[in-house]
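Following UniProt numbering, the numbering of the sequence shown begins with 1 at its first residue and continues without gaps.
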Amino acid sequence: MRMNYHVLTLFPEMIRQGLNTSIIGRAIAKGILSLEAVNIRDYAFNKHQKVDDYPYGGGAGMVMQAEPVYQAYKAVCDQTGKCPRVIYLTPQGRVFDQELARELAKEEELIFLCGHYEGIDERVLEEIVTDQVSIGDYVLTGGELPSMVMIDAISRMVPGVLSNQESGETESFSENLLEYPQYSRPEEWHGCKVPSVLLSGHHKNVDQWRREQSILRTAKHRPDLLKKAELTEKERRWLRE
Ligand code: ADE
Numbered sequence: 001m002r003m004n005y006h007v008l009t010l011f012p013e014m015i016r017q018g019l020n021t022s023i024i025g026r027a028i029a030k031g032i033l034s035l036e037a038v039n040i041r042d043y044a045f046n047k048h049q050k051v052d053d054y055p056y057g058g059g060a061g062m063v064m065q066a067e068p069v070y071q072a073y074k075a076v077c078d079q080t081g082k083c084p085r086v087i088y089l090t091p092q093g094r095v096f097d098q099e100l101a102r103e104l105a106k107e108e109e110l111i112f113l114c115g116h117y118e119g120i121d122e123r124v125l126e127e128i129v130t131d132q133v134s135i136g137d138y139v140l141t142g143g144e145l146p147s148m149v150m151i152d153a154i155s156r157m158v159p160g161v162l163s164n165q166e167s168g169e170t171e172s173f174s175e176n177l178l179e180y181p182q183y184s185r186p187e188e189w190h191g192c193k194v195p196s197v198l199l200s201g202h203h204k205n206v207d208q209w210r211r212e213q214s215i216l217r218t219a220k221h222r223p224d225l226l227k228k229a230e231l232t233e234k235e236r237r238w239l240r241e
């Protein structure tokens with residue numbers, strides 16, 4: 001099953017360029033994903049292609065008008081013959097996490113709506129948006145980067161996007177734990193040696209060491225995640241020692 005993304009934006013080039021390299025670019029080339037950047041300006045209803053106007057009630061900045069956004073959305077619905085979920089990127093939304101990425105990866109079509117200026121006319125948001133999502137507690141200049149962040153994270157969960165080797169990292173047992181440290185050649189660099197267990201060729205010991213490192217790192221840097229991680233009773237005891 002293919003995942004089809006439709007991004008409604010005033011900066012379609014940003015989306016196209018941002019997602020056509022590396023693993024996501026490869027998946028699009030293979031046809032596992034499709035990505036359509038819809039220029040909201042193409043749906044402007046005046047000859048100047050204006051899509052924003054002053055806010056009622058006054059105040060700084062401009063507001064994206066309802067009708068071009070609505071027409072861009074309608075065009076995607078007509079083209080797909082469906083009414084996909086519409087994700088509006090906003091700092092006011094639910095905070096994005098791996099769980100939401102996994103849930104959204106089950107959809108066949110997703111629409112991302114990227115705001116700019118001081119926001120989008122509330123009436124069209126009420127009419128078409130199904131999910132308001134934030135990528136974190138900071139304010140960006142537009143929804144394009146957040147939508148690319150989400151597309152990257154969701155796509156990793158779509159079957160076939162990661163190679164077998166790459167997907168080893170997403171095993172459920174290691175969920176909610178941070179990554180263990182990695183080393184490559186040379187064996188010694190700036191006087192620092194690679195941990196000897198990694199050179200031992202003893203796979204079981206390597207696995208155990210990596211697991212312990214993941215648990216220790218998570219305990220140190222993200223104790224909030226550790227509460228959600230699946231640790232064995234033995235591991236919990238070891239950690240308390
Ligand atoms: N638009 C501006 N800032 C944002 C954020 N942190 N998350 C999602 N959309 C945004």
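Cβ atoms here follow ideal geometry from the backbone N, Cα and C, with glycine treated the same way.
What is the DSSP secondary structure of Asn164, counted as helix, strand or coil? The sequence position of residue 164 within the sequence shown is 164, counting from 1. Helix, per DSSP.
Return the Cβ separation of Ala153 and Ala229 in integer angstroms, given the expectation that the two are a contact with Cβ distance under 8 Å. Position 153 of the sequence shown, counting from 1, holds the residue named residue 153. Position 229 of the sequence shown, counting from 1, holds the residue named residue 229. Ala153 to Ala229, Cβ: 19 Å. No contact.
Beta-ladder partner(s) of Val63, from DSSP: As a first step, residue 63 must be located in the sequence shown, where it is residue number 63. Answer is Asp53.
Inspect the beta-carbon positions of Leu110 and Ile87 and report whether they are closer than 8 Å. Within the sequence shown, residue 110 is the residue found at index 110, counting from 1. Within the sequence shown, residue 87 is the residue found at index 87, counting from 1. Cβ atoms of Leu110 and Ile87: closer than 8 Å.
In chain order, what residues of the same chain have a beta carbon less than 8 Å from the beta carbon of Val206, not counting five sequence neighbours either side? The sequence position of residue 206 within the sequence shown is 206, counting from 1. Val197, Leu198 and Ser200, listed in sequence order.
Identify which residue in Ala60, Met1, Met150 and Gln208 has its Cα closest to the Cα of Lys234. One-based indexing of the sequence shown puts residue 234 at position 234. Comparing Cα-Cα distances from Lys234 to each of Ala60, Met1, Met150 and Gln208, the minimum goes to Gln208.
Pick helix, strand or coil for Gln132, following the three-state DSSP scheme. For the purposes of this step, residue 132 is taken as residue 132 along the sequence shown, with counting starting at 1. Of the three classes helix, strand and coil, the one that applies to Gln132 here is strand, per DSSP.
Return yes when at least one heavy atom of the ligand ADE lies under 7 Å from the C-beta of Ile15, else no. For the purposes of this step, residue 15 is taken as the residue at position 15 of the sequence shown. Ile15: no, Cβ never under 7 Å from the ligand ADE.
Could you check the C-alpha separation between Ser214 and Arg94 for me, to the nearest Å? One-based indexing of the sequence shown puts residue 214 at position 214. One-based indexing of the sequence shown puts residue 94 at position 94. Computed Cα separation, rounded: 27 Å.
Please confirm whether any heavy atom of the ligand ADE lies closer than 7 Å to the CB of Pro91. Taking the first residue of the sequence shown as 1, we reach residue 91 at position 91. Answer for Pro91: yes, Cβ within range of the ligand ADE.
Might you give, ordered along the chain, the residues of its own chain that have their beta carbon closer than 7 Å to the beta carbon of Lys82, omitting 5 neighbours on each side? The residue given as residue 82 occupies position 82 in the sequence shown. So the list reads Glu109, once near-sequence residues are dropped.
If we call anything under 8 Å between Cβ atoms a contact, is residue 245 one with Tyr73? With the chain represented from 1 up to 241, any question about residue 245 goes unanswered, as that position is not in the structure.
Taking just the CA atoms, how far does His116 sit from Thr141? Along the sequence shown, one-based indexing puts residue 141 at 141. Along the sequence shown, one-based indexing puts residue 116 at 116. C-alpha separation (whole angstroms): 7 Å.
Taking the alpha-carbon of Pro186 as reference, which of Gln132, Pro195, Leu178 and Gly58 has the nearest alpha-carbon? Indexing the sequence shown from 1 puts residue 186 at position 186. Looking from the CA of Pro186, the closest CA among Gln132, Pro195, Leu178 and Gly58 belongs to Pro195.
Determine which residues share a DSSP beta bridge with Met150 and list them. In the sequence shown, the residue the question calls residue 150 occupies position 150. For Met150, which the question treats as bridged, DSSP gives no partner whatsoever.
With hydrogens ignored, establish whether the beta-carbon of Val86 is closer than 7 Å to any heavy atom of the ligand ADE. The count along the sequence shown starts at 1 and reaches residue 86 at position 86. No, the ligand ADE has no heavy atom inside 7 Å of this Cβ.
Are there 16 or more other CB atoms within 10 angstroms of the CB of Arg156, so buried, or fewer, so exposed? Within the sequence shown, numbered from 1, the residue matching residue 156 stands at position 156. The residue in question, Arg156, is buried, as its Cβ has 16 or more Cβ neighbours within 10 Å.
Compute the Euclidean distance between the alpha carbons of Ala60 and Tyr54, then round it to the nearest angstrom. Translated into the one-based positions of the sequence shown, residue 60 becomes position 60. Translated into the one-based positions of the sequence shown, residue 54 becomes position 54. Each residue's Cα considered, the two are about 8 Å apart.
I need the boundaries of the beta strand (DSSP E) containing Ser34, first residue and last residue. By 1-based counting over the sequence shown, the position of residue 34 is 34. Taken as a continuous stretch (DSSP letters only), the beta strand (DSSP E) holding Ser34 covers Leu33 to Asn39.
Can you name the residues that DSSP bridges to Val86? Looking up residue 86 in the sequence shown gives position 86. Bridge partners of Val86: Ile111.
With DSSP run on the structure shown, which of helix, strand or coil describes Asn205? Working through the sequence shown from its first residue, we reach residue 205 at position 205. Of the three classes helix, strand and coil, the one that applies to Asn205 here is helix, per DSSP.
With the cut-off set at 8 Å, would you say Ala27 and Val161 are in Cβ contact? Within the sequence shown, numbered from 1, the residue matching residue 27 stands at position 27. Within the sequence shown, numbered from 1, the residue matching residue 161 stands at position 161. Contact flag set, yes.
How would you call Gln165, buried or exposed, if buried means at least 16 neighbouring beta carbons within 10 angstroms? Mapped onto the sequence shown, residue 165 falls at position 165. Exposed is the call here.
Leaving out five residues before and five after Asn176 in sequence, what residues of the same chain have Cβ atoms less than 7 Å from its Cβ? Within the sequence shown, residue 176 is the residue found at index 176, counting from 1. Excluding positions up to five away in sequence, the list reads Leu225, Lys228 and Ala229.
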